[in-house]
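Shown next, in structure tokens, is the structure this report addresses.
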Amino acid sequence: MNLHEKLYSTLTPQQRAVAMFAALARRDDAECDRLNETAPVYTYRAHDLEFRRLLTSSTFMALHTALFIEPEVSRYLGCLASMAMLGLDEDVDEREFNALQDRFKGIGASVKAYWLAYSTTCADIGIDPDELLRGVGVELSEQARVLTEKDVEPEPELLASASALMRQLSGSVSTARLAAS
């Protein structure tokens, strides 16, 4: 056993992970290989991996959706407050009013696109979207519910990218296909 092998064999999992990310950042493939090859190997008994993967990936989908939608709701409520303030003004600037209306529409279209991407992916894997949110301890606000149910056209580009992300998070897209795109 040479000096390098002795050094690698004493690394804790945390130290090995820190060293691995540093090597990855440097694009040092040889060091990554050494760190990987010298990591201890164990045999585990575990629950079905596909079951665990679905639990984890579905959790990521739900949390990601809530973390996108709720800030959009805050923006929507901010626009609503601005609209109320404009209503108090006797000289309403028409351009400002139209800009606020456009923001309202844009936020509604964004929320609709994200919810549609999430709920469609949930349906594809047989999970109720609301039940999944509650299952991971998340409940959308009443305002978010109103926006997800609003009859608006989803923002097409966001719908496409959010759908791709949801498929990736759910494991419906293979890593090889992602690398090719």
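So the sequence shown is numbered by UniProt numbering: it starts at 1 and just counts up by one.
Every residue, glycine too, gets a C-beta built ideally from N, C-alpha and C.
Just so you know, these numbers come straight off a predicted model, no measurement behind them.
Range covered by the alpha helix (DSSP H) that runs through residue i
| i | result |
| --- | --- |
| residue 64 | 49–88 |
| residue 24 | 13–26 |
| residue 34 | 29–37 |
Same chain, Cβ closer than 7 Å to residue i, five either side skipped, listed in chain order
| i | result |
| --- | --- |
| residue 116 | 154, 159 |
| residue 141 | 70, 73 |
| residue 62 | 132, 133, 136, 138 |
| residue 147 | 73, 76, 108, 111 |
| residue 31 | 23 |
| residue 114 | 65, 68, 69, 158, 162 |
Through-space distance from residue j to residue i, alpha-carbon basis
| i | j | result |
| --- | --- | --- |
| residue 132 | residue 172 | 17 Å |
| residue 21 | residue 161 | 28 Å |
| residue 112 | residue 39 | 46 Å |
| residue 157 | residue 119 | 17 Å |
| residue 23 | residue 65 | 32 Å |
| residue 130 | residue 8 | 47 Å |
| residue 165 | residue 6 | 42 Å |
| residue 29 | residue 44 | 28 Å |
| residue 258 | residue 72 | Coverage of the chain is limited to positions 1 through 181, which leaves residue 258 absent and any answer about it impossible. |
| residue 42 | residue 169 | 28 Å |
| residue 138 | residue 145 | 13 Å |
| residue 96 | residue 80 | 13 Å |
| residue 103 | residue 123 | 30 Å |
| residue 107 | residue 46 | 43 Å |
| residue 25 | residue 149 | 43 Å |
| residue 11 | residue 152 | 55 Å |
| residue 58 | residue 67 | 14 Å |
| residue 55 | residue 126 | 13 Å |
| residue 36 | residue 163 | 34 Å |
| residue 19 | residue 27 | 12 Å |
| residue 50 | residue 14 | 26 Å |
| residue 105 | residue 88 | 22 Å |
| residue 199 | residue 33 | Because the chain spans 1 through 181 in this model, residue 199 falls outside it and cannot be assessed. |
| residue 90 | residue 128 | 48 Å |
Neighbourhood of residue i by C-beta, 6 Å cutoff - its chain only, sequence neighbours within 5 removed
| i | result |
| --- | --- |
| residue 178 | Residue placement at residue 178 is flagged as unreliable, the pLDDT there being 45, under the threshold of 50; a coordinate-derived value is accordingly withheld. |
| residue 83 | 100 |
Distance between beta carbons of residue j and residue i, contact taken as under 8 Å
| i | j | result |
| --- | --- | --- |
| residue 167 | residue 121 | 6 Å |
Cβ shell of residue i (< 8 Å), same chain only, five flanking positions each side left out
| i | result |
| --- | --- |
| residue 143 | 73, 76, 77 |
| residue 92 | 86 |
| residue 98 | none |
| residue 60 | 169 |
| residue 48 | none |
Contact test: residue i Cβ vs the ligand GTP heavy atom, cutoff 8 Å
| i | result |
| --- | --- |
| residue 117 | With respect to the ligand GTP, the structure offers nothing, as it holds no ligand at all. |
Handout entry: Ranges of the alpha helix (DSSP H) found wholly within the region 105–163, counting only runs of at least 4
Key = Fully enclosed alpha helix (DSSP H) runs of 4 or longer: 129–135, 142–149.
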